[in-house]
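The listed protein sequences correspond, in order, to chains A and D.
Throughout, the working numbering is defined as the position within the first sequence, counted from one, plus 64.
Throughout, the working numbering is defined as the position within the second sequence, counted from one, plus 78.
Beta carbons: idealized from backbone N, C-alpha and C, even for Gly.
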Amino acid sequence: MIQKFEKKIGNHVHKAIAEKVGDKIWIHVNGETLVFDAETTGRRRGKVAGKDAKSNTILAPMPGKITKLFKKLGDVVTVGESVLVMEAMKMEYTLKSNMAGTIKKVAFKELDQVALGALIVEIEPTKET
Amino acid sequence: MKKTDLSNLAIKRLAIANRGEVAVRIIKACEELGIETVLLHSDADINSRAYRMADHKVCIGGSTPAESYLNIKSNIQGAKAKSADAIHPGFGFLSENADFAKACVDAGLIFVGPSESAIRSLGDKVHCKELAKKCGIPLVPGYDGDDQTVETLSKEAARIGYPCIVKAAAGGGGRGMKLISQASEALERIESAQRESLSAFGSSKVFLEKYLDRAKHIEFQVFGDSIGKVRHLFERECSVQRRHQKIIEEATSPSLTPELRRKMGEAATLIAQTAGYRSAGTVEFLFQDGEFFLLEVNTRLQVEHPVTEMVLGIDLVKAQILNACQSFVFSEDQYKSFQGHSIECRVYAENSYEGGMPSTGKLGHVHFPEGPGRRFEYGFEEDDVITSFYDPMIAKVIVWDESRPRAIQKMIEVLNQSVIFGVHTNIPYLKAILSHPEFIAGTMTTQFISKYFSEPLKPPTREPALEVFVEEMKKQVGKSAPSEKSATAGNGYQNPWSEQWRMW
Chain A
65 MIQKFEKKIG NHVHKAIAEK VGDKIWIHVN GETLVFDAET TGRRRGKVAG KDAKSNTILA
125 PMPGKITKLF KKLGDVVTVG ESVLVMEAMK MEYTLKSNMA GTIKKVAFKE LDQVALGALI
185 VEIEPTKET
Chain D
79 MKKTDLSNLA IKRLAIANRG EVAVRIIKAC EELGIETVLL HSDADINSRA YRMADHKVCI
139 GGSTPAESYL NIKSNIQGAK AKSADAIHPG FGFLSENADF AKACVDAGLI FVGPSESAIR
199 SLGDKVHCKE LAKKCGIPLV PGYDGDDQTV ETLSKEAARI GYPCIVKAAA GGGGRGMKLI
259 SQASEALERI ESAQRESLSA FGSSKVFLEK YLDRAKHIEF QVFGDSIGKV RHLFERECSV
319 QRRHQKIIEE ATSPSLTPEL RRKMGEAATL IAQTAGYRSA GTVEFLFQDG EFFLLEVNTR
379 LQVEHPVTEM VLGIDLVKAQ ILNACQSFVF SEDQYKSFQG HSIECRVYAE NSYEGGMPST
439 GKLGHVHFPE GPGRRFEYGF EEDDVITSFY DPMIAKVIVW DESRPRAIQK MIEVLNQSVI
499 FGVHTNIPYL KAILSHPEFI AGTMTTQFIS KYFSEPLKPP TREPALEVFV EEMKKQVGKS
559 APSEKSATAG NGYQNPWSEQ WRMW
């Protein structure tokens with residue numbers, strides 16, 4: 065259900081509409097659409113697919129199909145090297161490693177369909193000397 | 079509903095082999111012509127506007143395009159099962175598939191589009207180039223041989239020189255098309271293009287072409303009427319592209335002189351006439367330094383057809399259907415000049431602040447601000463689900479105004495007032511493009527996006543008073559404490575994705 069809001073700021077009356085869709089709050093105000101997490105159980109869905117700089121895993125950033133795996137178990141990867149290709153919404157996306165190391169785990173094979181946030185590849189980082 | 083009296087038309091019931099906004103577009107044309115519609119849809123598209131609007135529906139297969147929208151047999155069977163007498167293929171999917179056009183005719187169905195032979199000669203980019211050579215139309219240097227081994231293709235790429243581009247021979251719309259900027263990328267890009275081509279079009283055949291680095295994309299709408307007369311209906315400029323996918327299109331081009339317009343229009347008409355073209359088609363050119371080169375011919379209706387309709391006062395979809403009924407003939411004085419300026423923005427379900435990461439999910443509230451000279455083409459409404467099976471385009475916003483600056487101004491305001499909840503959209507990105515000095519000047523090239531928009535858009539900041547207002551609304555709507563602030567989520571923008579997924 066949408067809710068309408070109005071507020072005068074300075075000389076301008078801002079009209080806004082907002083709606084809770086699933087676990088998100090959507091707000092349209094001042095020509096912009098904003099989205100926030102609604103306070104739920106504390107676990108934020110957006111985090112699932114997230115991958116910070118230190119991560120040694122490659123997760124599926126969206127649902128799709130793995131079309132090509134360039135690396136197999138035990139292969140060495142360097143920073144920025146292409147590891148696999150996914151296809152989603154009829155476009156191809158190349159997933160790259162953001163660390164140097166050895167492939168420790170490949171959880172899927174080519175042509176597999178993967179869900180959002182699924183762990184596809186795990187990398188054992190090279191020890192810094 | 080009162081139907082127009084066109085009871086003598088050869089088509090009484092038309093099947094639509096497509097989905098989304100174009101299916102809606104075709105249904106509306108049929109309604110106005112008094113023709114019943116049959117929607118040939120996949121499992122995934124039961125929650126869509128076209129499904130709710132069509133008179134009859136047939137599920138022709140599973141969610142993946144190969145099972146349904148690309149399946150010739152299922153489409154024909156579906157159309158026959160509901161006693162349709164014609165099929166409109168829309169754009170994408172089977173629209174440029176000569177085998178499909180033939181299968182329709184073989185099954186006793188009218189194919190709303192060009193003949194099988196015209197699709198074969200113009201639709202296959204390699205054949206099309208041979209025809210262009212015969213017509214004396216300039217071409218971009220390239221390789222279009224039958225030897226499709228990666229070794230030969232790599233060698234040819236090196237001969238043409240970098241940057242060059244590898245493209246699906248049966249393709250369109252940016253799929254199966256990759257830029258090779260240096261020798262070390264050749265192998266990977268060629269293989270990738272072959273795979274994308276195979277999965278999107280069912281053929282892995284590719285060709286190579288020199289990449290013009292500051293070209294404009296200018297295309298001419300052509301139309302062959304029922305007595306075989308081909309006319310061009312002026313041009314559209316579609317230089318604003320990313321990954322070779324068009325984002326903003328306009329009619330006419332701000333860059334053509336009347337003399338160039340005449341020359342290019344004549345070239346477009348000539349190649350279409352030579353191929354015996356009927357129905358709507360598009361002759362695409364690259365335009366650089368006052369010279370033009372034929373890019374390809376699209377043997378179908380284009381996504382961006384509305385901008386032509388707006389400046390000419392023509393209904394191309396109705397013209398296609400009437401033409402298929404042998405009832406569309408140009409009169410001499412029709413469509414000889416255009417009026418005003420029209421712009422189309424493609425609204426994609428993707429996150430502008432995350433480099434265009436596709437966004438899927440159930441739509442919440444959707445609102446488009448109606449008004450004079452505004453047109454909204456959309457296939458999904460509130461509670462419909464945007465899935466990852468198909469193209470991420472969820473709507474097209476089209477405006478017309480008396481001049482280009484006014485049309486730009488109108489478009490920005492219309493986008494400001496357009497609301498789509500539930501999935502992220504590229505609306506902020508579209509507005510940034512429309513406000514860019516180079517776009518405003520009309521001098522943008524196909525490099526425009528990579529030149530100025532290679533980084534994800536930065537979320538705008540809000541004045542403190544507005545921020546307070548937002549917080550109040552959040553509380554009211556969420557009925558709980560505000561969410562935890564993180565560096566990226568706190569200002570209202572999600573950042574769940576890794577950097578490697580940046581797409582422009």
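### is_contact[A/Ile-130, chain D] using C-beta, thresh 8 Å
As a first step, residue 130 of chain A must be located in the first sequence, where it is residue number 66. It does not: the Cβ of A/Ile-130 has no partner Cβ on chain D nearer than 8 Å.
### Message
Rounded to whole angstroms, what is the Cα-Cα separation between A/Ala-117 and D/Val-102?
### Response
What you label residue 117 of chain A is simply residue 53 of the first sequence in a count that begins at 1. What you label residue 102 of chain D is simply residue 24 of the second sequence in a count that begins at 1. For A/Ala-117, the predicted structure reports a pLDDT of 45, less than 50, and the residue's modelled location is therefore unreliable. A value from the coordinates is still provided. The alpha-carbon atoms of A/Ala-117 and D/Val-102 are separated by roughly 44 Å.
### Query
For a contact meaning CB atoms closer than 7 Å, what does A/Lys-71 contact in chain D?
Translated into positions along the first sequence, residue 71 of chain A becomes position 7. Near A/Lys-71 (Cβ distances below 7 Å), the residues of chain D are Phe-547.
### Query
Short check: CB of D/Leu-265 to CB of D/Val-228, under 8 Å?
Along the second sequence, read from residue 1 onward, the residue named residue 265 of chain D stands at position 187. Along the second sequence, read from residue 1 onward, the residue named residue 228 of chain D stands at position 150. Yes; because the gap between Cβ atoms is below 8 Å, this pair is in contact.
### Message
Give me the subset of the segment 156 to 173 of chain A whose CB atoms are less than 7 Å from a CB atom of chain D, sorted by chain position.
### Response
Glu-156, Tyr-157, Leu-159, Lys-160, Asn-162
#### Entry: Of the listed residues D/Gln-554, D/Lys-553, D/Phe-547, nearest to A/Lys-71 (C-alpha basis)
On the first sequence, residue 71 of chain A is found 7 positions in, with the first residue counted as 1. Checked all of D/Gln-554, D/Lys-553, D/Phe-547; the closest Cα to A/Lys-71 is D/Phe-547.
### Query
Short check: CB of D/Lys-324 to CB of D/Ala-107, under 8 Å?
As a working note, residue 324 of chain D is residue 246 in the second sequence. As a working note, residue 107 of chain D is residue 29 in the second sequence. Not a contact, by the Cβ cut-off of 8 Å.
### Query
Counting along the chain, where does the beta strand (DSSP E) carrying D/Phe-178 start and finish?
Locating residue 178 of chain D in the second sequence gives position 100, where the first residue counts as 1. Run containing D/Phe-178: none in the beta strand (DSSP E); it sits in the alpha helix (DSSP H), 176 to 184.
### Message
Against chain D, with Cβ distances strictly below 8 Å, would A/Val-141 count as a contact?
### Response
Position 77 of the first sequence, counted from the first residue, corresponds to residue 141 of chain A. False, the Cβ-Cβ gap to chain D never drops below 8 Å.
### Query
From the beta carbon of D/Ser-558, is the nearest beta carbon of chain A less than 8 Å away?
Sequence index remark: in the second sequence, residue 558 of chain D carries index 480 (1-based). In this predicted model, D/Ser-558 has a pLDDT of only 46, less than 50, meaning its place in the structure is not dependable; the value taken from the coordinates is given anyway. Yes, because at least one Cβ of chain A sits closer than 8 Å to the Cβ of D/Ser-558.
### Identity of the residue in A/Asn-94, A/Ile-187, A/Phe-69 nearest A/Gly-138 by Cα
Within the first sequence, residue 138 of chain A is the residue found at index 74, counting from 1. That would be A/Ile-187, whose Cα lies nearest to the Cα of A/Gly-138.
### Query
For chain D, is any of its Cβ atoms less than 8 Å away from the one on A/Ala-124?
In the first sequence, residue 124 of chain A corresponds to position 60, counting from 1. With 8 Å as the cut-off, A/Ala-124 does not count as an interface residue toward chain D.
### Message
Looking at the secondary structure, which residues open and close the beta strand (DSSP E) in which A/Ala-152 lies?
### Response
The count along the first sequence starts at 1 and reaches residue 152 of chain A at position 88. Element bounds for A/Ala-152: 146 to 152.
### Task
Return the Cβ separation of D/Gln-299 and D/Leu-286 in integer angstroms, given the expectation that the two are a contact with Cβ distance under 8 Å.
Numbered from 1 along the second sequence, position 221 holds the residue referred to as residue 299 of chain D. Numbered from 1 along the second sequence, position 208 holds the residue referred to as residue 286 of chain D. About 28 Å; that fails the 8 Å criterion.
### Task
Could you tell me whether the segment 82 to 91 of chain A touches the segment 497 to 515 of chain D, where touching means 3 or more Cβ pairs closer than 8 Å?
Yes, the segment 82 to 91 of chain A touches the segment 497 to 515 of chain D.
### Task
Answer with yes or no whether the minimum CB distance from A/Gly-138 to chain D is below 8 Å.
Reading the first sequence from its first residue, position 74 is the one you call residue 138 of chain A. So, not an interface residue.
### Query
Going straight from the alpha carbon of D/Lys-488 to that of D/Lys-212, what length do you get?
Taking the second sequence and counting its residues from 1, one reaches residue 488 of chain D at position 410. Taking the second sequence and counting its residues from 1, one reaches residue 212 of chain D at position 134. Each residue's alpha carbon lies about 44 Å from the other.
### Query
Given that a residue counts as buried once 16 or more other Cβ atoms are within 10 Å of its Cβ, and exposed if not, what is D/Leu-493?
Within the second sequence, numbered from 1, the residue matching residue 493 of chain D stands at position 415. The residue in question, D/Leu-493, is buried, as its Cβ has 16 or more Cβ neighbours within 10 Å.
### Message
With H, G and I counted as helix, E and B as strand and the rest as coil, what does DSSP make of D/Lys-207?
### Response
Taking the second sequence and counting its residues from 1, the one referred to as residue 207 of chain D is at position 129. The answer is helix: DSSP assigns D/Lys-207 an H, G or I state.
### Query
Which word fits A/Thr-190, buried or exposed, when buried means at least 16 other C-beta atoms lie within 10 angstroms of its C-beta?
The residue you call residue 190 of chain A lines up with position 126 of the first sequence. By the neighbour-count rule (16 or more Cβ atoms within 10 Å), A/Thr-190 is not buried but exposed.
### Message
Quick check: what's the CA-CA separation for D/Asn-376 versus D/Arg-340?
### Response
Here residue 376 of chain D refers to the residue found at position 298 when the second sequence is read from its first residue. Here residue 340 of chain D refers to the residue found at position 262 when the second sequence is read from its first residue. Going from the Cα of D/Asn-376 to the Cα of D/Arg-340 covers about 20 Å.
### Message
Let me see if you follow: with CB-CB separation under 8 Å, is A/Thr-97 close to chain D or not?
### Response
Reading the first sequence from its first residue, position 33 is the one you call residue 97 of chain A. Judged by the 8 Å Cβ criterion, A/Thr-97 is in contact with chain D.
### Message
If you measure between the beta carbons of D/Ile-89 and D/Ile-113, is that distance less than 8 Å?
### Response
In the second sequence, counting from the first residue as 1, residue 89 of chain D sits at position 11. In the second sequence, counting from the first residue as 1, residue 113 of chain D sits at position 35. Against a cut-off of 8 Å, the Cβ pair of D/Ile-113 and D/Ile-89 comes out as a contact.
### Query
Using 8 Å as the Cβ pair cut-off and three pairs as the minimum, do the segment 123 to 143 of chain A and the segment 522 to 542 of chain D touch?
no
#### Entry: D/Ser-277, enclosing alpha helix (DSSP H) - first and last residue
Counted from its first residue, the second sequence places residue 277 of chain D at position 199. It spans 264 to 279 - the alpha helix (DSSP H) in which D/Ser-277 sits, taken as one unbroken run.
### Task
Just the C-alpha distance for D/Arg-267 and D/Ala-159, rounded to the nearest angstrom, thanks.
On the second sequence, residue 267 of chain D is found 189 positions in, with the first residue counted as 1. On the second sequence, residue 159 of chain D is found 81 positions in, with the first residue counted as 1. So the alpha carbons of these two residues sit roughly 43 Å apart.
### Task
Please compile the residues from chain A whose C-beta is within a distance smaller than 9 Å of the C-beta of D/Asp-411.
Locating residue 411 of chain D in the second sequence gives position 333, counting from the first residue. Here the premise fails: no neighbours, minimum Cβ distance about 42 Å.
### Task
Using only alpha-carbon positions, find the residue among D/Gln-404, D/Val-100, D/Ala-179 that is nearest to D/Ser-304.
Stepping through the second sequence from its first residue, residue 304 of chain D is reached at position 226. For D/Ser-304, the nearest C-alpha among the options comes from D/Gln-404.
#### Entry: 8 Å Cβ cutoff, A/Ile-184 in contact with chain D
For the purposes of this step, residue 184 of chain A is identified with residue 120 of the first sequence, where counting begins at 1. With 8 Å as the cut-off, A/Ile-184 does not count as an interface residue toward chain D.
### Message
Please tell me whether D/Lys-440 has its Cβ less than 8 Å away from any Cβ of chain A.
### Response
Walking along the second sequence from the start, residue 440 of chain D turns up at place 362. At least one chain A Cβ lies under 8 Å of D/Lys-440.
### Query
Who does D/Val-389 pair with in a DSSP beta bridge?
Here the question's residue 389 of chain D lines up with position 311 in the second sequence. Note: D/Val-389 sits in no beta bridge, so no partner.
### Query
Would DSSP call D/Ser-420 helix, strand or coil?
Working through the second sequence from its first residue, we reach residue 420 of chain D at position 342. Looking at D/Ser-420 - three-state DSSP - the assignment turns out to be strand.
### Message
Quick test of the definition: if touching needs 3 or more C-beta pairs under 8 Å, does the segment 437 to 444 of chain D touch the segment 401 to 418 of chain D?
### Response
no
### Message
Measuring alpha carbon to alpha carbon, tell me which residue in D/Val-475, D/Ile-215, D/Glu-145, D/Pro-538 is nearest D/Glu-448.
### Response
Within the second sequence, the letter at position 370 stands for residue 448 of chain D. Nearest option by C-alpha distance: D/Val-475.
### Task
Check the Cβ of D/Pro-538 against every Cβ in chain A and list those closer than 8 Å, keeping chain order.
As a position in the second sequence, residue 538 of chain D is number 460, starting the count at 1. Ordered by position in chain A, the residues that pass the 8 Å Cβ test against D/Pro-538 are Glu-96.
### Message
For a cutoff of 8 Å on Cβ pairs, would you count D/Gly-201 as touching chain A?
### Response
Taking the second sequence and counting its residues from 1, the one referred to as residue 201 of chain D is at position 123. By this cut-off, D/Gly-201 is not an interface position.
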